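Below you'll find the structure, written out as structure tokens, and then a few comments.
2 protein chains.
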Amino acid sequence: MENLLIPSPQGTTRVFVVLGDPVAQVKAPELMNRVFVANGVDAVMVPVHVHPCELPTVMPGLKQIANLDGMLITIPHKFDVCAHIDTASEMVSLSGAANALRREIDGSWSGENFDGLGFVAGLMQQGHDPAGKIVTLVGSGGAGVAIAAALLQAGVQRLNVTDLSKEKASRLAQRLNARYNGRVDASVTPQLQDADIVINSTPMGLRETDPLPFDVDRLHNETLVADIIMKPAQTRLLKHAAQRGLRVHQGIHMLAPQIEMYREYFRVPFVGEHSVGENPRY
Amino acid sequence: MENLLIPSPQGTTRVFVVLGDPVAQVKAPELMNRVFVANGVDAVMVPVHVHPCELPTVMPGLKQIANLDGMLITIPHKFDVCAHIDTASEMVSLSGAANALRREIDGSWSGENFDGLGFVAGLMQQGHDPAGKIVTLVGSGGAGVAIAAALLQAGVQRLNVTDLSKEKASRLAQRLNARYNGRVDASVTPQLQDADIVINSTPMGLRETDPLPFDVDRLHNETLVADIIMKPAQTRLLKHAAQRGLRVHQGIHMLAPQIEMYREYFRVPFVGEHSVGENPRY
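Have a look at this one:
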């Protein structure tokens, strides 16, 4: 990932942005620019730092830039950006959050959320089909809501969504139950005893000193413990679960499928890996 | 200029844009990205295509992007962009047009116009100090107005500004005379007989079949004939003038000083040319 060189943007270059606050930590520009270069596409992704109070001013401006074709959305804008989407996907409607927008042929903007789809794709790739399973999701934030919606779309039998804010979890459950009648319940304390899969989608685990997001000892022996935290790859939660002999699923698994989903969503024709020197632009 | 490779933008990268309609022809991204790379600055310039009717929506949005530090402005936005400048330079006030904006420490946006300053710097570099001279400027468009203002600032004795639209030339002369009392007059037909320097700032000459913007045969033998058209380097006008034995001044001379002015204006510390491999970012 280090030292990726790309052709300099020129007048003809199509522009993509990733919106966040802060934005210095985002990896999307390097990941997506690698995809553009590898597939010989004259496009570039740049970071766009937007304070929450400025989103209502910035979004209409970005939407009207004629050579801006797509946006990725990160913390804290995934919820508020929905007000600026002309056509929301089912995933966006269900989760109430979006992490990708694209310009359509007619100039309107569609919104999608790949956080949950990427998470489910990662589960499947690792051999953990969630269909028919009892799942507990700990944390109903920007990523959690999308994971909840994608799990239901993937056919989980029952989903317990939790959050320290009962109201937040209840609102999510209500929205999901309107589509997946009665399969979702909300609570502050996670239901652990009968869960087949338990997912941490809280930020707890980013720091080594964070408390565990839930009590691993209360899980049965067949439970899969998943984390969405990517750094560290093996969080304290996953270490504890592994020590107990439970199967674990790392946060990194949700990333690779999303890059491929973004490529498709942004209509980057897949050519395959080739070096910059072979780039058809040159 | 071909095949310039730059480090991929990352989360920390500062963003610069060049606004135009169309924008595919602009050379600014490659020129400025070369400056950023050469001086080891973590910044990138991308093209931004804005239709005139969308400028009032796009500009407030761009101004509120926290990691967007500067803009270059090209046709047709040089006049209308002035409404979005918080602090206009004297050059912008005089010419009524801007071609560069930058974010100040307090978050406000300043505007400057380097078209004329670049032109005058180019004249000086070629040994043609305009101070005290009688100058005729043919064409009062986006570049012409800035050249007129810069020539007065450089101390021309008399300036004849012309345009096919008498009103356009008169408006410009009025604005300039408010500052440079009586040194400017406006006309439709250029005053050629006593001119020391005659400048073409119309688009006539971009195509080989264009008529000459003014009659070279009516100039006296010491007149300098200047063109702001860069392609072709030697326009039909300049060829005719050279054939008549007159000194000529090519459009390209206004470009190099402007790149250096942009570097300073955008506060890119000058380190000097070094290759990407030595870039302090890496």
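Heads up: the protein sequence lines correspond to chains A and B, in order.
Following our numbering, the residues of the first sequence are numbered contiguously, the last one being 282.
Following our numbering, the residues of the second sequence are numbered contiguously, the last one being 564.
We put the CB at the ideal spot given by N, CA and C, even for glycine.
The structure displayed is predicted, hence computed values, not measured ones.
ask   = So which of B:V443, B:I479 and B:P485 has the shortest CA-CA distance to A468 of chain B?
value = Among B:V443, B:I479 and B:P485, the Cα nearest to that of A468 of chain B belongs to B:V443.
request  = Could you check what DSSP says for N33 of chain A in three-state terms: helix, strand or coil?
outcome  = The three-state reading of DSSP puts N33 of chain A in helix, counting H, G and I together.
task = Please confirm if the region 89-107 of chain A is in contact with the region 231-249 of chain A, defined as three or more CB-CB distances below 8 Å between the two stretches.
result = No: the two stretches stay apart, fewer than three of their Cβ pairs being nearer than 8 Å.
query = From B:P495, B:A523 and B:A379, pick the residue whose C-alpha is nearest to that of G423 of chain B; which is it?
reply = For G423 of chain B, the closest of B:P495, B:A523 and B:A379 by C-alpha to C-alpha distance is B:A379.
message = Measuring straight from C-alpha to C-alpha, what distance separates L458 of chain B and A431 of chain B?
response = Computed Cα separation, rounded: 7 Å.
message = I'd like to know whether the C-beta of E30 of chain A is nearer than 8 Å to at least one C-beta of chain B.
response = Yes, its Cβ sits closer than 8 Å to a Cβ of chain B.
query = From R549 of chain B to D106 of chain A, what distance separates their C-alpha atoms?
reply = In this structure, the alpha-carbon of R549 of chain B lies about 39 Å from that of D106 of chain A.
task = Could you say which of A:T189, A:S170 and A:P76 lies nearest to P52 of chain A if we only look at CA atoms?
result = Comparing Cα-Cα distances from P52 of chain A to each of A:T189, A:S170 and A:P76, the minimum goes to A:P76.
inquiry  = Quick check on DSSP: helix, strand or coil for M45 of chain A?
reply    = Correct three-state label for M45 of chain A: strand.
ask   = In angstroms, rounded to a whole number, what distance separates the CA positions of G277 of chain A and E542 of chain B?
value = Its pLDDT being 45, under 50, G277 of chain A is placed unreliably by the model, and nothing is read from it.
ask   = Any chance the region 475-489 of chain B sits against the region 450-464 of chain B, with 3 or more Cβ pairs inside 8 Å?
value = Fewer than three pairs of CB atoms, one per stretch, sit closer than 8 Å, so the region 475-489 of chain B makes no contact with the region 450-464 of chain B.
task = Indicate the three-state DSSP secondary structure (helix, strand or coil) for G251 of chain A in the structure shown.
result = Correct three-state label for G251 of chain A: helix.
query = Exposed or buried, P7 of chain A, counting other C-beta atoms within 10 Å across all chains shown (16 or more means buried)?
reply = Of the residues assessed, P7 of chain A falls on the buried side of the cut-off, its CB having 16 or more other CB atoms within 10 angstroms.
H51 of chain A at chain B interface by Cβ criterion, 8 Å = At least one chain B Cβ lies under 8 Å of H51 of chain A.
query = Is there at least one Cβ from chain A nearer than 8 Å to E560 of chain B's Cβ?
reply = Reliability fails at E560 of chain B, whose pLDDT of 46 lies under 50, so the model's placement of it is uncertain and the value that follows must be treated cautiously. Judged by the 8 Å Cβ criterion, E560 of chain B is not in contact with chain A.
Secondary structure of I541 of chain B, DSSP reduced to three states = Here DSSP, grouped into helix, strand and coil, assigns I541 of chain B to helix.
ask   = Any idea what DSSP makes of S375 of chain B, helix, strand or coil?
value = Residue state, collapsed to three classes: helix.
request  = Under 6 Å Cβ to Cβ from V120 of chain A, same chain only, skipping five residues before and after it: list those, please.
outcome  = Excluding residues within five positions, the ones whose Cβ falls inside 6 Å are A150 and A154.
inquiry  = Quick check on DSSP: helix, strand or coil for M283 of chain B?
reply    = Residue confidence for M283 of chain B is low, a pLDDT of 47 falling below 50, so the modelled location carries little weight and cannot support an answer.
ask   = Distance, Cα to Cα, K239 of chain A vs D227 of chain A?
value = Each residue's alpha carbon lies about 11 Å from the other.
Classification of V132 of chain A by the beta-carbon crowding that lies within 10 angstroms, buried from 16 upward = Looking at the sequence provided, one finds Gly at residue 132 of chain A rather than Val. Here G132 of chain A is exposed, its C-beta having fewer than 16 other C-beta atoms within 10 Å.
ask   = Which one or two residues does DSSP pair with L354 of chain B in a beta bridge?
value = B:V300 and B:A382, per the DSSP bridge assignment.
task = Just tell me which of A:E208, A:V37, A:A195 and A:M45 has its CA closest to the CA of T294 of chain B.
result = Per the C-alpha coordinates, the member of A:E208, A:V37, A:A195 and A:M45 positioned closest to T294 of chain B is A:M45.
message = Against chain A, does S390 of chain B count as a neighbour if the rule is that its beta carbon must be under 8 Å from one of theirs?
response = Chain A, which has no Cβ nearer than 8 Å to the Cβ of S390 of chain B, makes this no.
task = Using 10 angstroms around the beta-carbon of A365 of chain B, count the other beta-carbons present and answer buried if the total reaches 16, otherwise exposed.
result = Taking all protein chains shown into account, A365 of chain B has fewer than 16 neighbouring C-beta atoms within 10 Å of its C-beta and is therefore exposed.
Beta-carbon contacts of I575 of chain B that lie in its chain and below 8 Å, excluding the five residues immediately before and after = Outside the shown range of chain B (283 to 564) lies residue 575 of chain B, about which nothing can therefore be said.
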